[in-house]
Amino acid sequence: MRYEGNIFRPPGEWRSYLLQVTVGCSHNKCTFCSMYKDKRFHIRPLTDIFEDIEMAGEYHGRLGRPVKRVFLCDGDAIIMKTDQLLAILNKLYDTFPMLERVTAYAGPRSTLTKTPEELKALREAGLYRVYLGVETGDDALLHQIKKGVDAAEMLEAGVRLREAGLDLWVMVLLGLAGPGEPSRRHILATAKMMNEMKPRHLSALTLMAEPGTELGEQVARGEFQLITGEEALMETRLLLEHLDVDPLHFTCDHASNYLPLKGGLPEDRDAMIAAIDRALQDKDLMRSEYGRAL
Ligand code: SF4
């Protein structure tokens, strides 16, 4: 098990064996993202990846700890050639007989390079879930944050992943448009896109100004205004009101969020909105700025 640079994974993958198949992010231009700024993107040679899998097989075998989940790092494993991804999936399921699921981040642009048949083949070979960073459904905002795709392309990527049978987990970013009317436009466009994309899971994270990012510099120069905790709660409320995906596993419990929320839609919508309203009345229920992301 060898890793290059800092390794990131979705919070729900804490039990997964992390296998690095690509290093960094093939896009690496989003204005708010600091995750892979230290890495030059490249795809690891298949021989190295296979060696890692064998090493992990021996290691976990010695410990008597079966591997049940694998997460393919880094930021966009889906960019690999389909035949290489299929070979990795086959090797993983051969090496770990108790393996139940393999998951990965999927970049929207890389997803669109795959045909629906290729995505289905990956699903059939055991790629179970993909995480797609949508961030916003607002076309102008996607352009502004340099996401690399427009809203129609983002929607197409998500629909393609879902229709291939993959368990689609989408992340969006509260606060991405700043306060005021842009905030409302961002949330309404995001809800509209989610209602068409129909992911199975949706996580709403809250924007933080990361040092070393373009957005972090805009904040430092006073050119971009972060939203307050109250505004973040209002965005969450507006999003919940306008989502009509059924069923939807909704989470807003990331370290960046001001109020941890988790539930199923539509059945938990009212309870989550009531929790938001309570926190808007009593600010002590919200995480402090210091408590966020600790
Ligand atoms: S695509 Fe994802 S990992 Fe890559 S720069 Fe954008 S947010 Fe970061």
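So the sequence shown is residues 747 to 1040, counted in this note's numbering. No residue lacks a Cβ here, since even glycine has one placed at the ideal position from N, Cα and C.
Rounded to a whole number of angstroms, what is the C-alpha to C-alpha distance between residue i and residue j?
i, j, result
"T768", "Y877", "16 Å"
"D990", "T982", "14 Å"
"G921", "E976", "11 Å"
"K1029", "N752", "35 Å"
"G807", "R1038", "38 Å"
"G904", "R847", "20 Å"
"R1015", "M747", "42 Å"
"E963", "H773", "20 Å"
"M844", "G853", "28 Å"
"W760", "V813", "12 Å"
"D896", "R906", "15 Å"
"T849", "L831", "12 Å"
"F796", "A833", "9 Å"
"R967", "P862", "44 Å"
"Q721", "R790", "Residue 721 lies beyond the residue range present for the chain, which begins at 747 and ends at 1040; the question has no answer from this structure."
"F778", "A1025", "27 Å"
"S762", "G883", "30 Å"
"I891", "K938", "19 Å"
"Y805", "Y749", "15 Å"
"Y874", "K785", "27 Å"
"M940", "S949", "11 Å"
"K893", "T936", "14 Å"
For residue i, which of helix, strand or coil comes out of DSSP?
i, result
"V965", "helix"
"T882", "coil"
"F817", "strand"
"A852", "coil"
"G904", "helix"
"R875", "strand"
"L845", "coil"
"Y763", "strand"
"G758", "helix"
Mind checking whether the beta-carbon of residue i lies closer than 7 Å to any heavy atom of the ligand NAD?
i, result
"Y782", "With respect to small molecules bound, the structure shown includes the ligand SF4 and not the ligand NAD."
Less than 8 Å between the C-beta atoms of residue i and residue j, yes or no?
i, j, result
"L914", "R908", "yes"
"I1019", "L986", "yes"
"Y851", "A823", "yes"
"A1021", "L1005", "yes"
"A838", "L912", "Residue identity check: residue 838 is Leu in the sequence provided, not Ala. No."
"H932", "H995", "no"
"W800", "L858", "The amino acid at residue 800 is misidentified as Trp; the sequence shows Glu. It is not a contact, given that the beta carbons lie outside the stated cut-off."
"V965", "V916", "no"
"G1076", "C776", "Shown here, the chain extends from 747 to 1040; a query on residue 1076 therefore has no answer."
"F817", "R755", "yes"
"G872", "L835", "yes"
"L953", "L972", "yes"
"L828", "A867", "Here residue 828 is Thr; the residue named in the question, Leu, does not match the sequence. Closer than 8 Å, so yes."
"G926", "S780", "no"
"H889", "L951", "no"
"F970", "L961", "yes"
Hey, does residue i have any beta-carbon neighbour from chain D nearer than 8 Å?
i, result
"S1002", "Included in the structure is just one protein chain, with no chain D present."
- Query: Which parts of the stretch 912-936 are runs of the beta strand (DSSP E), unbroken and 3 residues or longer, counting only runs that do not cross its ends?
  - Reply: For the stretch 912-936, the full-length beta strand (DSSP E) segments reaching 3 residues or more read 913-920 along the chain.
- Query: What are the uninterrupted segments assigned as beta strand (DSSP E) that are 3 or more residues long and contained completely in the stretch 950-1007, given in chain order?
  - Reply: You should have 994-997.
- Item | beta strand (DSSP E) runs contained entirely in the stretch 767-828, provided each spans 3 or more residues | 815-819
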